[in-house]
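So the structure is just underneath, and the comments pick up after that.
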Amino acid sequence: MRILICSDGMSAADNATRLGGRLAGPLQAETTLLGIAEKPRDESPLREALEAQAQSLRAQGITPEMVVRAGEPVRQILHQTSTINYDLIVIGARRTGTSGLYWRSRKTYEVIKAISPPVLVAIGECEHLNRFLVCTGGKAFIENAVQLTGKLA
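Start counting the sequence shown at 1; every next residue gets the next number (our numbering).
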């Protein structure tokens, strides 16, 4: 199994890294930590944040491959997932409201629509992974969702 954890170096990405690690460890998944700097001035702080996130994964017995890209996040995630086949993509998101479409950002939804692997959106912190809900668009997506759920269970 291959897992891609996407990071912009912010706190939401820390949540995604923790959640991705909780899955990658027991699954013995090959794990890639993808950092994306939208602006050149963001690259140095991003690398520092990625190293801290990679260290937290190493503490769980996971040896992540670190990849740093520059540019528009959705395009960079699409490029990475087009180049390498991943079974699961983990991204962090900040809650922007309490109901309706405000639970997720526009970029989060763009990632979900743009790539074919399943996307796990980490909103908030997760101390323990006891239960999860899998939502699909049905049709072509349901089989992959069922297979992934079986692996996670």
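C-beta atoms are modelled at their ideal positions from N, C-alpha and C, and glycine is treated no differently.
Residues bridged to residue i by DSSP?
i: Pro75; result: Note on identity: in this sequence residue 75 is Arg, with Pro being the wrong assignment. None, per the DSSP bridge assignment.
i: Cys6; result: Leu34
i: Ile123; result: Ala93
Rounded to whole angstroms, how far is the Cβ of residue i from the Cβ of residue j, which I believe are closer than 8 angstroms?
i: Ala29; j: Arg58; result: Rounded, the Cβ-Cβ distance is 14 angstroms, inconsistent with contact.
i: Val111; j: Val74; result: 6 angstroms
i: Ala93; j: Ala70; result: Not a contact, Cβ separation roughly 21 angstroms.
i: Ile91; j: Thr108; result: 6 angstroms
i: Gly35; j: Ser11; result: Gly35 to Ser11, Cβ: 14 angstroms. No contact.
i: Ala49; j: Leu33; result: So it is not a contact: roughly 10 angstroms between Cβ atoms.
DSSP three-state label for residue i, please.
i: Gly92; result: strand
i: Val146; result: helix
i: Lys151; result: helix
i: Leu129; result: coil
i: Asn15; result: helix
i: Gly137; result: coil
- Every unbroken beta strand (DSSP E) within the stretch 24-71, with a cutoff of 3 residues, ordered by chain: 30-37, 65-70
- Contact between the stretch 51-66 and the stretch 78-88 (3+ Cβ pairs under 8 angstroms): no
- Task: Evaluate the contact criterion for the stretch 42-49 versus the stretch 127-137: three or more CB pairs, one atom per stretch, below 8 angstroms.
- Result: Remark: fewer than three beta-carbon pairs, one from each stretch, lie closer than 8 angstroms, so the stretch 42-49 and the stretch 127-137 are not flagged as touching.
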